[in-house]
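For the record, the sequence lines run as chains A and B. For what it's worth, the numbering used here labels the leading residue of the first sequence as 125, then goes sequentially. For what it's worth, the numbering used here labels the leading residue of the second sequence as 125, then goes sequentially. Ideal placement from N, C-alpha and C gives every residue a C-beta, glycine not left out.
Number of protein chains: 2
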Amino acid sequence: MAGAVEIETASPNVISEVEILAVDFDPTAVVAEPLPPVVTAADGGPSESEEEEEGVGKPVKKSREIVLGRNVHTSCLAVTEPEANDEFTGDKDAYMAGVLARYRKTLMERTKHHLGYPYNLDFEYGALAQLQHFSINNLGDPFIESNYGVHSRQFEVGVLDWFARLWEIEKNEYWGYITNCGTEGNLHGILVGREVFPDGILYASRESHYSIFKAARMYRMECVKVDTLVSGEIDCSDFRVKLLANKDKPAIINVNIGTTVKGAVDDLDLVIQTLEESGFSHDRFYIHCDGALFGLMMPFVKRAPKVTFKKPIGSVSVSGHKFVGCPMPCGVQITRMEHINVLSSNVEYLASRDATIMGSRNGHAPIFLWYTLNRKGYKGFQKEVQKCLRNAHYLKDRLRGAGISAMLNELSSTVVFERPRDEEFVRRWQLACEGNIAHVVVMPNVTIEKLDLFLDELVEKRSTWYQEEHDQPPCIAADVGKENCACALHK
Amino acid sequence: MAGAVEIETASPNVISEVEILAVDFDPTAVVAEPLPPVVTAADGGPSESEEEEEGVGKPVKKSREIVLGRNVHTSCLAVTEPEANDEFTGDKDAYMAGVLARYRKTLMERTKHHLGYPYNLDFEYGALAQLQHFSINNLGDPFIESNYGVHSRQFEVGVLDWFARLWEIEKNEYWGYITNCGTEGNLHGILVGREVFPDGILYASRESHYSIFKAARMYRMECVKVDTLVSGEIDCSDFRVKLLANKDKPAIINVNIGTTVKGAVDDLDLVIQTLEESGFSHDRFYIHCDGALFGLMMPFVKRAPKVTFKKPIGSVSVSGHKFVGCPMPCGVQITRMEHINVLSSNVEYLASRDATIMGSRNGHAPIFLWYTLNRKGYKGFQKEVQKCLRNAHYLKDRLRGAGISAMLNELSSTVVFERPRDEEFVRRWQLACEGNIAHVVVMPNVTIEKLDLFLDELVEKRSTWYQEEHDQPPCIAADVGKENCACALHK
Numbered sequence: 125m126a127g128a129v130e131i132e133t134a135s136p137n138v139i140s141e142v143e144i145l146a147v148d149f150d151p152t153a154v155v156a157e158p159l160p161p162v163v164t165a166a167d168g169g170p171s172e173s174e175e176e177e178e179g180v181g182k183p184v185k186k187s188r189e190i191v192l193g194r195n196v197h198t199s200c201l202a203v204t205e206p207e208a209n210d211e212f213t214g215d216k217d218a219y220m221a222g223v224l225a226r227y228r229k230t231l232m233e234r235t236k237h238h239l240g241y242p243y244n245l246d247f248e249y250g251a252l253a254q255l256q257h258f259s260i261n262n263l264g265d266p267f268i269e270s271n272y273g274v275h276s277r278q279f280e281v282g283v284l285d286w287f288a289r290l291w292e293i294e295k296n297e298y299w300g301y302i303t304n305c306g307t308e309g310n311l312h313g314i315l316v317g318r319e320v321f322p323d324g325i326l327y328a329s330r331e332s333h334y335s336i337f338k339a340a341r342m343y344r345m346e347c348v349k350v351d352t353l354v355s356g357e358i359d360c361s362d363f364r365v366k367l368l369a370n371k372d373k374p375a376i377i378n379v380n381i382g383t384t385v386k387g388a389v390d391d392l393d394l395v396i397q398t399l400e401e402s403g404f405s406h407d408r409f410y411i412h413c414d415g416a417l418f419g420l421m422m423p424f425v426k427r428a429p430k431v432t433f434k435k436p437i438g439s440v441s442v443s444g445h446k447f448v449g450c451p452m453p454c455g456v457q458i459t460r461m462e463h464i465n466v467l468s469s470n471v472e473y474l475a476s477r478d479a480t481i482m483g484s485r486n487g488h489a490p491i492f493l494w495y496t497l498n499r500k501g502y503k504g505f506q507k508e509v510q511k512c513l514r515n516a517h518y519l520k521d522r523l524r525g526a527g528i529s530a531m532l533n534e535l536s537s538t539v540v541f542e543r544p545r546d547e548e549f550v551r552r553w554q555l556a557c558e559g560n561i562a563h564v565v566v567m568p569n570v571t572i573e574k575l576d577l578f579l580d581e582l583v584e585k586r587s588t589w590y591q592e593e594h595d596q597p598p599c600i601a602a603d604v605g606k607e608n609c610a611c612a613l614h615k
Numbered sequence: 125m126a127g128a129v130e131i132e133t134a135s136p137n138v139i140s141e142v143e144i145l146a147v148d149f150d151p152t153a154v155v156a157e158p159l160p161p162v163v164t165a166a167d168g169g170p171s172e173s174e175e176e177e178e179g180v181g182k183p184v185k186k187s188r189e190i191v192l193g194r195n196v197h198t199s200c201l202a203v204t205e206p207e208a209n210d211e212f213t214g215d216k217d218a219y220m221a222g223v224l225a226r227y228r229k230t231l232m233e234r235t236k237h238h239l240g241y242p243y244n245l246d247f248e249y250g251a252l253a254q255l256q257h258f259s260i261n262n263l264g265d266p267f268i269e270s271n272y273g274v275h276s277r278q279f280e281v282g283v284l285d286w287f288a289r290l291w292e293i294e295k296n297e298y299w300g301y302i303t304n305c306g307t308e309g310n311l312h313g314i315l316v317g318r319e320v321f322p323d324g325i326l327y328a329s330r331e332s333h334y335s336i337f338k339a340a341r342m343y344r345m346e347c348v349k350v351d352t353l354v355s356g357e358i359d360c361s362d363f364r365v366k367l368l369a370n371k372d373k374p375a376i377i378n379v380n381i382g383t384t385v386k387g388a389v390d391d392l393d394l395v396i397q398t399l400e401e402s403g404f405s406h407d408r409f410y411i412h413c414d415g416a417l418f419g420l421m422m423p424f425v426k427r428a429p430k431v432t433f434k435k436p437i438g439s440v441s442v443s444g445h446k447f448v449g450c451p452m453p454c455g456v457q458i459t460r461m462e463h464i465n466v467l468s469s470n471v472e473y474l475a476s477r478d479a480t481i482m483g484s485r486n487g488h489a490p491i492f493l494w495y496t497l498n499r500k501g502y503k504g505f506q507k508e509v510q511k512c513l514r515n516a517h518y519l520k521d522r523l524r525g526a527g528i529s530a531m532l533n534e535l536s537s538t539v540v541f542e543r544p545r546d547e548e549f550v551r552r553w554q555l556a557c558e559g560n561i562a563h564v565v566v567m568p569n570v571t572i573e574k575l576d577l578f579l580d581e582l583v584e585k586r587s588t589w590y591q592e593e594h595d596q597p598p599c600i601a602a603d604v605g606k607e608n609c610a611c612a613l614h615k
């Protein structure tokens with residue numbers, strides 16, 4: 125039956141209204157050769173394809189210049205067509221098992237040496253492995269069931285309620301959903317702000333996450349960048365100047381509950397005070413709090429300005445794979461019901477019962493979060509926050525003790541320090557770097573033992589980097605302040 | 125140590141530049157009571173919170189009116205704080221194991237009876253369970269490694285290359301990434317189109333996926349809806365009229381490779397021809413192909429208008445959890461490198477080496493896709509497409525044989541038919557409905573046996589719904605055409 129009709133029609137297939145299911149249609153007639161040819165350069169120039177074909181089955185490592193908007197095949201595990209007798213020989217299965225075993229080993233090694241990103245790599249979800257067999261999809265709104273039955277809304281709503289309680293908003297006054305990542309939360313928060321104030325100006329500090337500026341561009345919003353203090357916090361005196369210059373338009377403000385690089389927490393109370401003193405009444409501004417990492421740590425830190433819906437804020441987002449820990453990225457977005465009503469009043473916008481950014485949504489992520497929240501609870505998180513802050517102080521103190529420039533913001537577990545000279549060392553410890561600085565984010569899986577290993581290695585390597593008199597570590601006073609700089613001039 | 129300092133400062137915490145890490149800062153000092161109180165209505169009105177508290181630990185099922193922008197707690201598994209002695213008693217673990225076991229049973233039951241959504245629920249990823257222990261994140265660009273080492277870019281690029289070959293574009297001429305779902309692909313494709321033509325008008329047929337209209341609103345683009353034929357395809361004569369009325373502005377067109385409801389495939393060749401005949405040269409239009417489901421089936425169907433980058437198209441997106449099958453939603457987005465260069469030339473837009481919509485990206489999804497593509501290959505998909513089309517015809521023929529209105533587009537496995545009167549029946553089989561019509565999408569996991577079970581049940585139930593002379597099945601000729609309608613008038 126297969127391949128019964130092997131001739132493709134040559135002309136474009138213009139189907140008129142009555143031609144649907146023409147009698148001569150043979151559903152078993154498929155194209156003769158399903159295997160597309162490898163596309164090669166039309167101009168006959170050297171094609172990268174061929175180069176890469178050598179790498180079939182194993183990663184090809186090449187060192188090339190990194191340019192944005194380039195498709196650089198540094199590493200690729202090519203998909204290969206199964207052989208006709210694969211099922212019989214088991215060759216393919218064996219090959220794939222080998223690839224996966226090697227990959228797993230790499231992941232273990234990399235997980236062990238990871239310090240730079242704010243991901244808690246310490247989790248144990250063995251009890252949930254049984255759910256991997258199901259295609260769990262919470263498409264659309266968390267509070268409105270679709271007809272697709274294989275979902276996890278009951279877990280999702282449980283998690284949302286937990287966060288609503290944390291940020292002090294009533295169950296029937298909030299709306300929210302579990303996102304794919306912190307960026308989606310920011311995209312949603314800024315969009316809600318724009319829908320509430322269509323001609324509003326977006327204000328965000330220079331050290332805000334890049335997704336905020338991506339949102340401004342995507343949504344065609346006017347965006348004003350506000351200066352930061354050395355700590356990385358928003359500079360409210362600059363904010364005031366910029367607000368006063370734009371008094372005629374409502375303000376949409378991104379407040380960082382932990383900046384990406386320095387872990388600086390914007391002072392929410394001072395931001396609100398500045399708005400009020402600049403003549404912005406509560407019905408003329410919208411505040412989105414980007415709580416990526418610290419949104420979940422702050423409630424447990426003494427003296428931290430409290431993030432709560434009892435203050436005039438519009439939305440809060442936080443990442444799920446960061447402090448909580450999760451195999452895949454996810455996040456939580458909570459906003460006020462009244463704002464979602466603004467969105468939903470516009471039927472054309474939604475064209476469905478859906479006020480999320482995405483359509484289909486990962487139904488596994490809510491179960492991972494539900495599982496950890498249930499096991500740890502508020503008290504468990506408190507303990508972990510405490511441990512992280514303590515270990516971060518240990519790291520900072522030991523760095524300074526070794527004569528290395530370092531800064532740690534009061535409410536943060538992100539230790540900023542002099543960028544290691546050797547890129548291999550940076551890659552080994554997976555440090556995030558920007559200009560002359562690098563950082564370590566102390567997460568629950570980062571132990572004193574791991575920090576000691578890292579510090580010993582850094583101190584030893586550093587003694588080989590800076591042997592010569594004229595070859596000294598860089599001054600990073602501009603990034604961390606003079607008092608935190610240990611360069612020749614400032615130490 | 126914990127709780128050493130239990131007094132919270134009363135005034136907002138204004139941190140000046142030099143106050144970072146004030147000497148009196150005690151990192152172990154956390155807030156005294158980490159457990160936030162349950163928020164209750166300030167006005168003393170009946171709070172939904174209390175209502176819901178009854179449901180702690182078990183889903184609360186209530187029947188309420190479904191209104192968009194409402195936070196309806198129909199079903200919620202509340203997160204509860206662990207007891208101090210939980211670890212000792214094991215009560216919590218036992219409770220959670222019970223919840224999960226019941227949930228798994230529900231999922232199995234629902235998976236068994238699912239017919240309405242285009243998800244292939246037939247997959248076996250046991251070999252990948254070992255990877256659930258890792259926080260795999262392909263943050264940013266697939267082709268530019270970040271410093272975060274726990275990623276799966278080598279798998280992602282392998283999958284992208286496979287799709288590039290399918291859609292006939294060279295490795296060094298495309299750019300793409302693995303998305304979170306079909307919607308993200310559409311959001312990306314439309315955004316690229318808008319960046320290429322900032323004043324372009326978006327054209328999309330009325331039966332396009334709602335994410336297209338969501339994108340238009342998000343991106344503040346002018347959007348023109350084009351009529352459809354009864355089949356669900358774009359009506360190119362109406363398209364022509366609307367193009368001619370807007371000749372002064374470039375065109376950005378969404379072409380449906382399978383509409384959501386009727387599975388209609390827009391005629392790509394006719395769309396291009398209409399553009400050309402209306403005076404739009406290739407440098408004045410951008411076509412995004414929304415291939416959600418059929419993007420992966422079409423290449424294997426005879427007579428289907430071919431989706432290929434040899435034609436003047438800008439981007440193609442397809443869902444990964446649909447025809448391929450995957451535990452969580454995902455998708456593939458492929459575009460031309462030259463368009464990404466337009467994006468990337470704008471440094472402020474990106475503010476990072478990143479041209480994706482999201483920031484952090486699920487690193488597990490590429491491995492699931494890689495695994496299935498390797499096992500099935502082009503030839504395996506060909507066989508499955510064949511089977512789906514054959515079974516879809518079987519379903520349509522049996523429906524018509526039983527005197528039930530039904531339509532099946534030639535290139536599709538989506539069978540549209542008269543909406544069952546009973547909502548419980550609709551929910552049981554998880555049918556997607558719109559107005560008077562419902563549909564079944566025949567996916568690889570939908571067997572003849574399952575269809576027989578469904579048909580027998582439908583025919584039996586139907587005989588009870590339409591017993592009276594004056595109580596007849598609805599006419600759905602407006603939706604499916606007279607020739608497919610079996611109502612009293614048209615049969």
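Chain-ordered, the chain B residues with CB closer than 9 Å to the CB of A/H197 read F267, V281, D285, K295 and N296. Interface residue (Cβ-Cβ distance to chain B less than 7 Å): A/N569 is not classified as such. DSSP lists B/A328 as the beta-bridge partner residues of B/K349. Within chain A, no residue has its CB atom less than 9 Å from the CB of B/C611, the nearest being about 18 Å off. For the region 247 to 261 of chain A, the set of positions with a beta-carbon nearer than 9 Å to some beta-carbon of chain B reads F247, E248, Y249, G250, A251, L252, A253, Q254, L255, Q256, H257, F258, S259, I260 and N261 in chain order. When DSSP states are grouped into helix, strand and coil, A/C512 belongs to the helix group. With 16 or more other Cβ atoms inside 10 Å of its own Cβ, B/E508 counts as buried. The C-beta of B/P453 comes closer than 7 Å to at least one C-beta of chain A. With 16 or more neighbouring CB atoms inside 10 Å of its own CB, A/Q278 falls in the buried class.
Closer than 7 Å to the CB of A/G501 there is at least one CB belonging to chain B. DSSP places B/T198 in the coil class of the three-state scheme, outside both helix and strand. Between the C-alpha atoms of A/Y272 and B/V565 there is a straight-line separation of about 12 Å. Along the region 195 to 226 of chain B, the positions whose C-beta sits under 8 Å from a C-beta of chain A are N195, V196, H197, T198, S199, C200, L201, A202, V203, T204, E205, P206, K216, M220, A221 and L224, read in chain order. Around B/V431, the same chain offers W291, I381, L392, C413, G415, G419, M422, P423, I437 and V440 as residues with beta carbons nearer than 8 Å, after the five sequence neighbours per side are excluded. Secondary structure of B/T496 (DSSP, three-state): helix. With a cutoff of 7 Å on beta-carbon distance, A/I314 and A/A339 are scored as near each other.
Not one beta carbon of chain A lies nearer than 7 Å to the beta carbon of B/Q457. B/A253 counts as exposed, since fewer than 16 other C-beta atoms from the protein chains shown sit within 10 angstroms of its C-beta. Rounded to whole angstroms, the separation of the alpha carbons of A/Q510 and A/V456 is 22 Å. Among the residues facing chain A, B/M482 is included, as its CB has a counterpart in that chain under 7 Å away. Boundaries of the alpha helix (DSSP H) around B/I314: G306 to V320.
A/C512 has its alpha-carbon roughly 6 Å from the corresponding atom of A/S537.
Neighbours of B/Y241 in chain A, taken as residues at a C-beta separation under 7 Å, are given in chain order as Y272.
C-alpha of A/Y243 to C-alpha of B/E280: approximately 21 Å in a straight line. For the options A/E534, A/G309, A/V466 and A/L579, the alpha carbon positioned closest to that of B/S484 is the one of A/G309.
Counting only the Cα atoms, A/G306 lies some 9 Å from A/K446. A/L245 reaches chain B at S259, counting residues in chain order whose Cβ is nearer than 7 Å. Three or more beta-carbon pairs separated by less than 8 Å link the region 231 to 248 of chain A to the region 255 to 266 of chain B, which places the two stretches in contact. Runs of the alpha helix (DSSP H) spanning 4 or more residues and lying entirely within the region 535 to 611 of chain A occur at 547 to 552, 572 to 589 and 601 to 604, in chain order. A direct Cα-Cα distance of roughly 28 Å separates B/M531 from B/P453.
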